[in-house]
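According to numbering that gives the first Met the number 0, the residues represented by the sequence shown are 0 to 380, in order.
Just so it is clear, CB atoms sit at the ideal spot from N, CA and C, and this is done for glycine as well.
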Amino acid sequence: MPFKLSAAFMSFMSFMSFMSCALLPTTALAGGTIAVFGDDSYLQITNAPTSRDDITQVAAGRRTGYALLENGIIMAWGSDTNGECQVPSAGAGHKFVQVRSGPNTGYGFTDDHRLLAWGRNAVGQADVPTPPTGKYYTRVSAGFSHAAAVRNDGVLVCWGAYAPDYTVAQRATLLTPPALPTGVTWTDVVVGFRVTLGLRSDGQILAWGFPWFGEQYVPELPEGVTYTAISFNGTFVIAIQSDGEVVGWGDNYFGQCDIPGRPDGTSWARIYAGVDHAAGVLDTGEVSMWGTNYDGESDVGNIPAGELLEMALGSGYTIALVKSACVGDLNGDLVVDSADIGVILSEFGPCDPGNSADLDSNGSVDSADVGGLLVAFGACP
Numbered sequence: 000m001p002f003k004l005s006a007a008f009m010s011f012m013s014f015m016s017f018m019s020c021a022l023l024p025t026t027a028l029a030g031g032t033i034a035v036f037g038d039d040s041y042l043q044i045t046n047a048p049t050s051r052d053d054i055t056q057v058a059a060g061r062r063t064g065y066a067l068l069e070n071g072i073i074m075a076w077g078s079d080t081n082g083e084c085q086v087p088s089a090g091a092g093h094k095f096v097q098v099r100s101g102p103n104t105g106y107g108f109t110d111d112h113r114l115l116a117w118g119r120n121a122v123g124q125a126d127v128p129t130p131p132t133g134k135y136y137t138r139v140s141a142g143f144s145h146a147a148a149v150r151n152d153g154v155l156v157c158w159g160a161y162a163p164d165y166t167v168a169q170r171a172t173l174l175t176p177p178a179l180p181t182g183v184t185w186t187d188v189v190v191g192f193r194v195t196l197g198l199r200s201d202g203q204i205l206a207w208g209f210p211w212f213g214e215q216y217v218p219e220l221p222e223g224v225t226y227t228a229i230s231f232n233g234t235f236v237i238a239i240q241s242d243g244e245v246v247g248w249g250d251n252y253f254g255q256c257d258i259p260g261r262p263d264g265t266s267w268a269r270i271y272a273g274v275d276h277a278a279g280v281l282d283t284g285e286v287s288m289w290g291t292n293y294d295g296e297s298d299v300g301n302i303p304a305g306e307l308l309e310m311a312l313g314s315g316y317t318i319a320l321v322k323s324a325c326v327g328d329l330n331g332d333l334v335v336d337s338a339d340i341g342v343i344l345s346e347f348g349p350c351d352p353g354n355s356a357d358l359d360s361n362g363s364v365d366s367a368d369v370g371g372l373l374v375a376f377g378a379c380p
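In structure tokens form, the structure reads like this:
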């Protein structure tokens, strides 16, 4: 029987022919819905915008939840004790493209590369330093006493720590990253209570500051293995290794560092640390949670069926962002077609965890994702 090209594939080839002549405008990714479960002491669950289907990213403070919408607006709910819900405007003609949170301080990246902060600023953690001309922040993390961010040139900057019990020398110790070898840069940073950990471009993790729970004791790696991702939300750390393993260290009172086993042939793809619980997603899409579960915050049964885009873990509660459309339907029109190829092309390159165009969840939107989309071409089941 002769091989027959489907009409959908022919439509794609026609689209690619068009692409050789013109550039597509940037297309915003279609969003999903959130499920929030666990402790509701500050209405983190009751007031969550669970009816919306246009959420593209989530973040969790200690008691405050955040959702970035398709239109670039950040919604906030839960505790507003320190102004955590008072999200500033991105400015006339601009929008937010990323949201992150410390325990009581929110952070938003704008489409013109500014980093805005709001909420608790008792020790200067919301006083974001202005970067040099041509430089901008790409990653940010904050604890109770300070904050840190990585710039587009791989430089790591720390600020805050204006606590009255810090001496000048102690503040310098907390805010001064270790020197790096020539050619090595910082790729990510996570901040705890009084300690910072940075992930280097060579796959090594360094810690500095005043750790209380052994956060500075980064596990030694097997020969030929590097670290690829790190998550930290206070007193314990979890990190993904290049061999697919996840390791944890620091405070383990609630079993936060007791990583579940994984089936043979699978690897951990994403990790999320809360205050006392954690979550991990395998490359198969299977989710595991561990640590505290007093209010169901670690019950994976609370995560709706669908494509898990991202998770965020706070103090005793969890936010899960899920897209229920079929794999490859990136604009939510229930058809995998040339428009979805356009979304992938507009997102091409390294990406943050949870980007729905990263179909294989490898941290980059690339040709493999185009191939995965072609397999699903046509109407959603």
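In the structure shown, D187 adopts extended strand secondary structure according to DSSP, grouped into three states. Per the C-alpha coordinates, the member of L42, Q43 and V334 positioned closest to A378 is V334. Segment contact: the segment 161 to 181 against the segment 129 to 142, fewer than three CB-CB distances shorter than 8 Å; contact not assigned. For I258, no alpha helix (DSSP H) segment is defined, and its DSSP state is neither H nor E.
With a beta-carbon spacing of about 26 Å, I237 and A178 fall beyond the 8 Å limit used to define contacts. Taking 8 Å as the upper bound for CB-CB distance, W76 and P102 are not in contact here, some 16 Å apart.
For A171, the enclosing alpha helix (DSSP H) has its first and last residue at V167 to L174. Put simply, the segment 274 to 291 touches the segment 309 to 324. At least three CB pairs are less than 8 Å apart.
Bounds of the alpha helix (DSSP H) holding A338 are S337 to S345.
Taking a contact to require three or more Cβ pairs closer than 8 Å, the segment 247 to 256 and the segment 197 to 215 qualify as touching. L358 is the residue among P128, V321, V194 and L358 whose C-alpha sits nearest the C-alpha of D339. Within its own chain, the residues whose Cβ lies closer than 6 Å to the Cβ of S78, once the five positions on either side in sequence are excluded, are Y41, R62 and T63, listed in chain order. In the three-state scheme derived from DSSP, where H, G and I count as helix and E and B as strand, V149 is classed as strand. Bridge partners of R199 according to DSSP: W185.
Across the structure, Y316 and A147 are spaced so that their CA atoms are roughly 24 Å apart. Less than 8 Å separates the beta-carbon of R193 from that of G208. In terms of Cβ geometry, I72 and F95 form a close pair [threshold 8 Å]. Here V374 carries a helix assignment [DSSP, helix/strand/coil]. Per DSSP, the continuous beta strand (DSSP E) segment holding C157 begins and ends at L155 to G159. Excluding the 5 residues flanking it on each side, C256 has same chain C-beta neighbours closer than 7 Å at F235, G247, W248 and G249, in chain order.
Secondary structure note for I44: it is in no beta strand (DSSP E), with a DSSP letter that is neither H nor E. Taking every protein chain shown into account, the CB of Q85 has fewer than 16 other CB atoms within 10 angstroms, so this residue is exposed. In terms of CA proximity to R51, G31 leads the group N70, G31, L329 and L115. Per DSSP, reduced to three states, the secondary structure at V299 is helical. Distance from the CA atom of G105 to the CA atom of P131, rounded to whole angstroms, is 23 Å.
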